[in-house]
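In order, the protein sequence lines correspond to chains A and B. So the number in this note's numbering is just where the residue sits in the first sequence, counting from 1, plus 627. So the number in this note's numbering is just where the residue sits in the second sequence, counting from 1, plus 33. Ideal placement from N, C-alpha and C gives every residue a C-beta, glycine not left out. Heads up, the thing below is written out as structure tokens.
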Amino acid sequence: MRTVTALRLSPTTSAMALLAVLSLAAVGCGSTLPPKELVDARAAYDTASKGPAAQQTPAELHTARQALDQAERLFNDEGDGQVTKHAAYDAIRKAQAADSMGRTAVLAKEKEAAEKDAQALEGDIHRKTQGELAKTKAELERERAALEKSREQLERERIAREEAEKKAAQALADLRKFAEVKSEARGTVITLSGGVLFVSNESTLSAGAMAKLAEVSDALIKSDPDSSITIEGHTDNQGQAKYNDELSQKRADAVRDYFVSRGIAKDRIKSNGLGAARPIAPNTSPEGRANNRRVEIIITPAKK
Amino acid sequence: MRTATFVSLFLAVATTTVAGCGGSFPPPSERLATAEAAARSARELGADKDPKAALHLKLAQEQIDQAKAQMKAEENKKADQTLSRAGADAELAVALAKENNARTETEKAKEKIKSLKKEGK
């Protein structure tokens with residue numbers, strides 16, 4: 628029963644089947660449809676040709692193009708067989724490689740530029756550092772030199788002070804041989820006997836007196852340049868008071884003039900003739916009178 | 034006489050066909066060496082460090098192994114084609130590894146500039 632039906636339907640069915648088979652065959656052997664590999668290869672080449680390879684690595688891109696052309700030829704000549712697929716596979720990889728090489732070339736150039744920039748920057752930093760170093764060095768050197776100078780200055784001052792003190796001590800020692808030196812409230816008082824400096828009744832300094840006064844002026848007075856000096860002339864009570872006053876004034880002036888001639892500023896020195904007003908010994912004996920005939924040099928330290 | 038000619042012709046055709054089938058296709062030793070050398074280069078360039086390069090190196094190695102098996106089975110023509118693919122993948126792995134290295138070096142150079150700029154301030 629079924630067989631009969633089948634047989635009966637046979638003409639129509641077989642015609643339809645034939646059509647279906649034919650259309651299938653058309654698609655199947657219609658090698659006009661490229662294999663997936665070839666489609667991928669075309670896309671890969673398209674991507675690569677739009678990438679940096681066109682500029683950077685044209686030779687590699689050309690190799691990829693040749694591989695694609697070969698795959699296309701095989702597809703045209705032999706359809707979508709294994710040979711075509713292998714060739715297309717090769718073309719895909721070559722296109723991808725060309726693309727990669729193009730990117731690599733760009734990266735290499737970027738690297739080169741970056742290294743150049745880095746080198747320039749390093750140079751800048753090096754120069755800057757060197758400059759700062761040189762500046763610091765110079766500053767240090769200046770400071771060191773200043774320190775050295777002030778140290779030398781201090782040393783010179785110390786030596787000068789020591790020398791002055793030594794000289795003063797020496798001068799004082801020398802002075803004590805012919806004069807009395809005392810420290811009083813009014814300052815250092817140097818008492819020189821009138822007989823040492825002047826001939827009796829004269830107000831001119833003898834040569835020996837000058838040498839002695841030179842020592843006084845050089846040592847004691849110059850060692851303290853800001854001190855003020857008072858020179859007092861004194862006599863005994865023999866003779867007229869007016870004469871004694873005048874003589875003592877002249878003698879004090881003579882000493883003052885001598886000091887000025889030695890380079891001591893005039894405004895530092897005062898001279899007073901006090902006559903017999905201030906005896907330091909009784910005028911009753913020749914020794915006492917000799918003691919009273921004297922010149923006192925009073926050195927008053929500068930008021931601080 | 035005619036029969037003999039026909040037989041010899043048949044033999045010739047048969048031989049040609051056998052050769053075409055790859056029975057006597059020579060072992061693709063040179064292609065194998067080339068593919069293996071490329072794979073080695075890719076490995077030495079550090080293809081393992083880049084995922085894409087590593088993938089293609091793996092593909093190349095698998096195809097090399099497959100080709101070796103095919104050669105053992107005397108399927109030389111198949112092996113030759115497999116090796117063609119292996120070579121293409123290995124070369125791509127080389128290119129990608131180089132690109133990866135170049136990228137690393139470029140980044141390093143740029144980082145250096147950055148740190149130098151910081152230092153210079």
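Notebook entry, point to check: Leaving out five residues before and five after residue 745 of chain A in sequence, what residues of the same chain have Cβ atoms less than 8 Å from its Cβ?
Noted result: If you number the first sequence from 1, residue 745 of chain A lands on position 118. Cβ neighbours of residue 745 of chain A within its own chain (closer than 8 Å, five residues either side excluded): none.
Note to self: Taking the alpha-carbon of residue 57 of chain B as reference, which of B:90, B:113 and B:96 has the nearest alpha-carbon?
What the structure shows: Here the question's residue 57 of chain B lines up with position 24 in the second sequence. Of B:90, B:113 and B:96, the residue nearest in Cα terms is B:113.
Next item on the list: Using a cut-off of 9 Å between C-beta atoms, extract the partners of residue 667 of chain A located in chain B.
Entry: To locate residue 667 of chain A, count along the first sequence from 1; it is residue 40. Near residue 667 of chain A there are no residues of chain B at all, since even the closest Cβ is about 13 Å away, more than 9 Å.
Next item on the list: Taking a Cβ distance cut-off of 8 Å, strictly less, list which residues of the segment 84 to 114 of chain B are near chain A, in chain order.
Entry: For the segment 84 to 114 of chain B, the beta-carbon criterion of a distance under 8 Å to any beta-carbon of chain A is satisfied by 89 and 114.
Item checked: Partners in chain A for residue 153 of chain B, counting only beta-carbon separations shorter than 8 Å -> Numbered from its first residue, the second sequence carries residue 153 of chain B at position 120. Residues of chain A passing the Cβ test: 748, 751, 752 and 755.
Check: Applying a beta-carbon distance threshold of less than 7 Å, which residues of chain A neighbour residue 131 of chain B?
Finding: Against the second sequence, residue 131 of chain B aligns to sequence position 98. Going along chain A in sequence order, the residues near residue 131 of chain B (Cβ under 7 Å) are 731.
Check: Applying a beta-carbon distance threshold of less than 9 Å, which residues of chain B neighbour residue 676 of chain A?
Finding: Position 49 of the first sequence, counted from the first residue, corresponds to residue 676 of chain A. Contact note: residue 676 of chain A does not reach chain B at a C-beta cutoff of 9 Å; the least C-beta distance is about 16 Å.
Next item on the list: Would you mind listing the beta strand (DSSP E) stretches within the segment 875 to 904 of chain A that are 3+ residues and don't spill past its ends, in chain order?
Entry: Along the length of the segment 875 to 904 of chain A, whole beta strand (DSSP E) runs at least 3 residues long occupy 896 to 900, reported in chain order.
Check: Can you name the start and end residues of the alpha helix (DSSP H) that residue 62 of chain B belongs to?
Finding: Position 29 of the second sequence, counted from the first residue, corresponds to residue 62 of chain B. First-last of the alpha helix (DSSP H) with residue 62 of chain B: 62 to 77.
Item checked: Residue of A:896, A:887 and A:902 minimising C-alpha distance to residue 854 of chain A -> Within the first sequence, residue 854 of chain A is the residue found at index 227, counting from 1. Per the Cα distances, A:896.
Check: What residues from chain B crowd round residue 716 of chain A, counting only those whose CB sits closer than 7 Å?
Finding: For the purposes of this step, residue 716 of chain A is identified with residue 89 of the first sequence, where counting begins at 1. Under the 7 Å cutoff, chain B gives 118 and 121.
Check: Taking any Cβ of chain A, which residues in the segment 58 to 87 of chain B have a Cβ under 7 Å from it, in chain order?
Finding: From the segment 58 to 87 of chain B, no residue has a Cβ closer than 7 Å to chain A.
Next item on the list: Using beta-carbon positions only, say whether residue 924 of chain A and residue 856 of chain A come within less than 9 Å of one another.
Entry: Translated into the one-based positions of the first sequence, residue 924 of chain A becomes position 297. Translated into the one-based positions of the first sequence, residue 856 of chain A becomes position 229. Contact flag set, yes.
Next item on the list: From the DSSP output, read off the bridge partner residues of residue 831 of chain A.
Entry: Indexing the first sequence from 1 puts residue 831 of chain A at position 204. Bridge partners of residue 831 of chain A: none, in fact.
Checklist line | Which listed residue (A:720, A:852 and A:863) has its alpha carbon closest to that of residue 890 of chain A | finding: As a working mapping, residue 890 of chain A is identified with position 263 in the first sequence. Nearest C-alpha to residue 890 of chain A: A:852.
Notebook entry, point to check: Roughly how many angstroms separate the alpha carbons of residue 124 of chain B and residue 154 of chain B, rounded to a whole number?
Noted result: Within the second sequence, residue 124 of chain B is the residue found at index 91, counting from 1. Within the second sequence, residue 154 of chain B is the residue found at index 121, counting from 1. C-alpha separation (whole angstroms): 45 Å.
Item checked: Coarse secondary structure for residue 854 of chain A, derived from DSSP in three states -> Residue 854 of chain A sits at position 227 when you count from the first residue of the first sequence. Secondary structure at residue 854 of chain A: coil, using DSSP grouped into helix, strand and coil.
Next item on the list: Spatial neighbours of residue 759 of chain A within its chain, please: CB distance less than 8 Å, with the 5 preceding and 5 following residues excluded, ordered by chain position.
Entry: Counting from one through the first sequence, the residue named residue 759 of chain A turns up at place 132. Here the set comprises nothing.
Check: Would a check of beta-carbon distances place residue 681 of chain A closer than 9 Å to chain D?
Finding: You won't find chain D in this structure, because its protein chains are A and B.
Next item on the list: Would you please verify whether the beta carbon of residue 699 of chain A is less than 9 Å from any beta carbon of chain B?
Entry: For the purposes of this step, residue 699 of chain A is taken as residue 72 along the first sequence, with counting starting at 1. So, not an interface residue.
Next item on the list: Just tell me which of B:99, B:79 and B:83 has its CA closest to the CA of residue 68 of chain B.
Entry: Sequence index remark: in the second sequence, residue 68 of chain B carries index 35 (1-based). The shortest C-alpha separation from residue 68 of chain B is found at B:99.
Checklist line | The alpha helix (DSSP H) enclosing residue 759 of chain A, as first and last residue numbers | finding: Taking the first residue of the first sequence as position 1, residue 759 of chain A is located at position 132. Start and end: 709 to 802.
Item checked: Contact check, residue 93 of chain B vs residue 106 of chain B, beta carbons under 9 Å -> Numbered from 1 along the second sequence, position 60 holds the residue referred to as residue 93 of chain B. Numbered from 1 along the second sequence, position 73 holds the residue referred to as residue 106 of chain B. Not in contact: residue 93 of chain B and residue 106 of chain B (Cβ atoms no closer than 9 Å).
Check: Can you tell me whether DSSP reads residue 138 of chain B as helix, strand or coil?
Finding: Along the second sequence, one-based indexing puts residue 138 of chain B at 105. Note: residue 138 of chain B maps to helix in three-state DSSP.
Margin query: Does chain B have any CB closer than 9 Å to the CB of residue 788 of chain A?
Written below: Locating residue 788 of chain A in the first sequence gives position 161, counting from the first residue. Any Cβ of chain B closer than 9 Å to the Cβ of residue 788 of chain A would place that residue at the interface, and such an atom is absent.
Next item on the list: For residue 150 of chain B, decide whether its Cβ has a neighbour in chain A, counting only Cβ atoms nearer than 9 Å.
Entry: For the purposes of this step, residue 150 of chain B is taken as the residue at position 117 of the second sequence. At a cut-off of 9 Å, the C-beta of residue 150 of chain B has a neighbouring C-beta in chain A.
Note to self: Please confirm whether residue 651 of chain A has its beta-carbon closer than 9 Å to some beta-carbon of chain B.
What the structure shows: Taking the first sequence and counting its residues from 1, the one referred to as residue 651 of chain A is at position 24. Any answer about residue 651 of chain A is weak, because its pLDDT of 45 lies below 50 and its placement is not dependable; what the coordinates show is given next. Taking Cβ atoms only, chain B never reaches closer than 9 Å to residue 651 of chain A, which makes this a no.
Checklist line | Residue of B:122, B:136, B:134 and B:135 minimising C-alpha distance to residue 724 of chain A | finding: Reading the first sequence from its first residue, position 97 is the one you call residue 724 of chain A. Per the Cα distances, B:122.
Notebook entry, point to check: Does the Cβ-Cβ distance between residue 741 of chain A and residue 672 of chain A come in under 9 Å?
Noted result: Here residue 741 of chain A refers to the residue found at position 114 when the first sequence is read from its first residue. Here residue 672 of chain A refers to the residue found at position 45 when the first sequence is read from its first residue. No. Outside cutoff.
Margin query: Only counting the same chain, and skipping five residues up and downstream in sequence, which positions put a Cβ closer than 6 Å to that of residue 873 of chain A?
Written below: Translated into the one-based positions of the first sequence, residue 873 of chain A becomes position 246. Within the same chain, no Cβ atom closer than 6 Å to the Cβ of residue 873 of chain A is found once the five residues on either side in sequence are excluded.
Check: Contact between the segment 818 to 835 of chain A and the segment 866 to 883 of chain A: three or more CB pairs below 8 Å?
Finding: The segment 866 to 883 of chain A and the segment 818 to 835 of chain A touch, with three or more beta-carbon pairs separated by less than 8 Å.
Notebook entry, point to check: What do you get for residue 914 of chain A, buried or exposed, if any count of 16 or more other CB atoms within 10 angstroms of its CB means buried?
Noted result: Position 287 of the first sequence, counted from the start, is the residue given in the question as residue 914 of chain A. When all chains shown are included, residue 914 of chain A counts as exposed.
Next item on the list: With 8 Å as the limit, tell me which residues of the segment 754 to 787 of chain A have their beta carbon closer than that to any beta carbon of chain B; keep them in chain order.
Entry: Residues 755.
Next item on the list: Evaluate the contact criterion for the segment 136 to 144 of chain B versus the segment 732 to 741 of chain A: three or more CB pairs, one atom per stretch, below 8 Å.
Entry: Segment contact: the segment 136 to 144 of chain B against the segment 732 to 741 of chain A, three or more CB-CB distances shorter than 8 Å; contact assigned.
Note to self: So, for residue 858 of chain A: in the same chain, excluding its five sequence neighbours on each side, which residues have a beta-carbon less than 6 Å away from its beta-carbon?
What the structure shows: Walking along the first sequence from the start, residue 858 of chain A turns up at place 231. The residues are 879, 882, 883, 898 and 924.
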